[in-house]
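Structure record follows, encoded as structure tokens.
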Amino acid sequence: MNKSFPKKIFLTILFLNVVALAAYTFLFLEIKKKNEFALSSLGDIKSQTTKEKKFEAVLDNLANTEGERNKLDTFFIQNNSFGVVQFIEKIEYLAKYSNLSLDVKSILLSNQNLDEKNNASLIENMKLNLDVNGSYSDIVYFLKFLELLPYKLYIDRVSIEKKEIEVMEEGLAPLDSWDGKFDLTILKLKS
47 MNKSFPKKIF
57 LTILFLNVVA
67 LAAYTFLFLE
77 IKKKNEFALS
87 SLGDIKSQTT
97 KEKKFEAVLD
107 NLANTEGERN
117 KLDTFFIQNN
127 SFGVVQFIEK
137 IEYLAKYSNL
147 SLDVKSILLS
157 NQNLDEKNNA
167 SLIENMKLNL
177 DVNGSYSDIV
187 YFLKFLELLP
197 YKLYIDRVSI
207 EKKEIEVMEE
217 GLAPLDSWDG
227 KFDLTILKLK
237 S
């Protein structure tokens, strides 16, 4: 036998082994790349699914809490001028119901004294200065009504003074007349 024939077979087998090894390496790298892509895609899908579930939970929560949110909105004066007017009309009605004459001296909108926690971009203070006139018991009755209003309301100052009235006719007792001054701060949704 020819000495070169086994050498040719050996080289051919070696060459085929190198080609097979190269093919296996190429296939291994391709499979690894596809596997990494699949894992990455799976992670993205899980992330997106989690986001969608959270979004659906938020939507469900919004739908389930609509009544409570609407009720909370009533605790703030609304962010339009009608809300302020409506609030003043409520106070005027309470004064009339309490047999008092009411004078709204001033209205001031400000952001002062709001905590950072109160999200100052949404809420502002409305400060009212009120003067009332009537009997002492009616003024106290009116003050109780103010405290019971369903708003975040602070009564900053209360001053009640007896008003001196001269008797116009003989034999008539002087009227029980008092002046009340109130400074109020109410939270209002910002316009």
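Okay, so the sequence shown: first residue is 47 according to our numbering, each after it adds one. Glycine residues also receive a C-beta, built at the ideal position from the N, C-alpha and C atoms.
Item to check | Cα-Cα separation between Phe228 and Lys117, rounded to whole angstroms | outcome: Within the sequence shown, residue 228 is the residue found at index 182, counting from 1. Within the sequence shown, residue 117 is the residue found at index 71, counting from 1. Their Cα atoms are separated by approximately 27 Å.
Item to check | Whole-number beta carbon distance between Lys234 and Leu155, since they are thought to touch under 8 Å | outcome: Reading the sequence shown from its first residue, position 109 is the one you call residue 155. Reading the sequence shown from its first residue, position 188 is the one you call residue 234. At roughly 7 Å, the Cβ-Cβ gap stays under 8 Å, so Leu155 and Lys234 are in contact.
Next on the checklist: According to DSSP, is Tyr70 part of a helix, a strand, or is it coil?
Outcome noted: Position 24 of the sequence shown, counting from 1, holds the residue named residue 70. Three-state DSSP puts Tyr70 in a helix.
Checklist entry - Using DSSP with H/G/I as helix, E/B as strand and the rest coil, what is Thr58? => result Against the sequence shown, residue 58 aligns to sequence position 12. Three-state result, Thr58: helix.
Next on the checklist: Which of the three DSSP states is assigned to Leu155 in this structure?
Outcome noted: Looking up residue 155 in the sequence shown gives position 109. In this structure, Leu155 counts as strand in the three-state DSSP scheme.
Next on the checklist: Would you call the segment 184 to 203 in contact with the segment 131 to 151, where contact means no fewer than 3 C-beta pairs closer than 8 Å?
Outcome noted: Contact between the segment 184 to 203 and the segment 131 to 151 is present, because at least three Cβ pairs lie under 8 Å.
Checklist entry - Phe133: buried (16+ other C-beta within 10 angstroms of its C-beta) or exposed? => result Sequence index remark: in the sequence shown, residue 133 carries index 87 (1-based). Taking all protein chains shown into account, Phe133 has 16 or more neighbouring C-beta atoms within 10 Å of its C-beta and is therefore buried.
Item to check | Where Asn110 falls, given that 16 or more other Cβ within 10 Å makes a residue buried | outcome: Against the sequence shown, residue 110 aligns to sequence position 64. Per the 10 Å Cβ criterion, exposed.
Next on the checklist: On the criterion of 16 or more Cβ atoms from any shown chain inside 10 Å, does Gly226 qualify as buried, or is it exposed?
Outcome noted: Within the sequence shown, residue 226 is the residue found at index 180, counting from 1. Result: buried.
Checklist entry - How is the beta strand (DSSP E) around Ile206 delimited, first residue to last? => result In the sequence shown, the residue the question calls residue 206 occupies position 160. First-last of the beta strand (DSSP E) with Ile206: Leu199 to Lys208.
Next on the checklist: Please report the straight-line C-alpha distance between Glu210 and Gly113, rounded to a whole angstrom.
Outcome noted: Residue 210 sits at position 164 when you count from the first residue of the sequence shown. Residue 113 sits at position 67 when you count from the first residue of the sequence shown. Computed Cα separation, rounded: 51 Å.
Next on the checklist: Once the 5 residues before and after Phe101 are set aside, which same chain residues still bring their CB inside 7 Å of it?
Outcome noted: As a working mapping, residue 101 is identified with position 55 in the sequence shown. Here the set comprises nothing.
Checklist entry - Since Asn179 and Ser223 are thought to touch, with beta carbons under 8 Å apart, how far apart are those beta carbons, to the nearest angstrom? => result The sequence position of residue 179 within the sequence shown is 133, counting from 1. The sequence position of residue 223 within the sequence shown is 177, counting from 1. About 7 Å separates the two Cβ atoms, so the contact holds.
Checklist entry - With 16 as the cutoff for other CB atoms within 10 Å, does Leu148 come out buried or exposed? => result Reading the sequence shown from its first residue, position 102 is the one you call residue 148. Counting Cβ neighbours within 10 Å, Leu148 comes out buried, since at least 16 surround it.
Item to check | Straight-line Cα distance separating Leu85 from Thr71 | outcome: By one-based count along the sequence shown, residue 71 stands at place 25. By one-based count along the sequence shown, residue 85 stands at place 39. Between Thr71 and Leu85, the C-alpha separation is close to 21 Å.
Checklist entry - Taking all protein chains shown into account, do 16 or more other C-beta atoms lie within 10 angstroms of the C-beta of Leu62, making it buried, or fewer, making it exposed? => result Start at 1 with the first residue of the sequence shown, and residue 62 comes out as number 16. Leu62 comes out exposed.
Item to check | Beta carbon of Lys79 nearer than 9 Å to that of Glu170 | outcome: Position 33 of the sequence shown holds residue 79. Position 124 of the sequence shown holds residue 170. No, the pair does not count as a contact, with Cβ atoms beyond the cut-off.
Next on the checklist: So, at 7 Å on beta carbons, what are the nonlocal neighbours of Asp184 in its own chain, with the 5 sequence-adjacent residues on each side left out?
Outcome noted: Position 138 of the sequence shown, counted from the start, is the residue given in the question as residue 184. Close CB contacts of Asp184 within its chain, under the 7 Å cut and outside five residues either way in sequence, are with Ser144, Asn145 and Leu146 (chain order).
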